[in-house]
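Worksheet for the structure shown next.
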Amino acid sequence: MTTYKKMLSEARKSKHYGQFKFPAENTQAGQCLLFYYKHMNKIISKQNIESHVCDKLGISTRDVQAVRHLGKQSGFDIIQGGRGVIFNGKSVKKGYYVFRGFEKLNAYFSLSRREEKDLDFKKLKEKFNYQ
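For the sequence shown, the numbering used here begins at 5 and goes up steadily by one.
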């Protein structure tokens with residue numbers, strides 16, 4: 005049985021390990037990442053991921069945002085399906101995803117864009133007129 009600890013051990017071998025944003029294990033994002041890892045290089049549906057994650061956490065099935073966000077916001081190499089998306093010769097439809105492992109960062113992930121330590125929320129609020 006694949007565990008979160010085993011997944012992290014595998015991820016530590018990647019040269020990108022320090023760049024990924026790993027979620028806590030017993031969160032929707034953590035369980036979503038573990039499900040992706042267990043189904044690496046397989047086309048899986050968002051519905052299937054959500055159902056598994058919600059069952060695992062004992063919550064009612066809902067829209068699990070982490071299914072989409074783990075790639076572009078946390079850096080994991082996840083293909084998001086859509087028009088013209090092909091993986092290993094197969095079409096990846098909208099609502100389907102493929103986790104390709106820890107060897108590469110997501111092409112749309114930017115570390116500098118996600119840097120949060122210098123954020124000044126007071127100035128941001130002013131900029132957007134406190135809305």
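Backbone N, C-alpha and C define an ideal beta-carbon position, used for all residues, glycine too.
Whole alpha helix (DSSP H) runs in the segment 54-80 with 4 or more residues, listed along the chain? For the segment 54-80, whole alpha helix (DSSP H) runs of length 4 or above, ordered along the chain, are 70-76.
Between Asn-30, Lys-9, Tyr-101, Ser-13, which lies nearest to Lys-46 when the distance is taken from Cα to Cα? Among Asn-30, Lys-9, Tyr-101, Ser-13, the Cα nearest to that of Lys-46 is on Tyr-101.
Inter-residue CB distance, Leu-109 and His-43 (contact presumed, cutoff 8 angstroms): In fact, because the Cβ distance is near 20 angstroms, the residues do not count as touching under 8 angstroms.
How would you label Asp-59, buried or exposed, when you count the other beta carbons within 10 angstroms and need 16 or more for buried? exposed
Measuring straight from C-alpha to C-alpha, what distance separates Glu-14 and Gly-79? 16 angstroms
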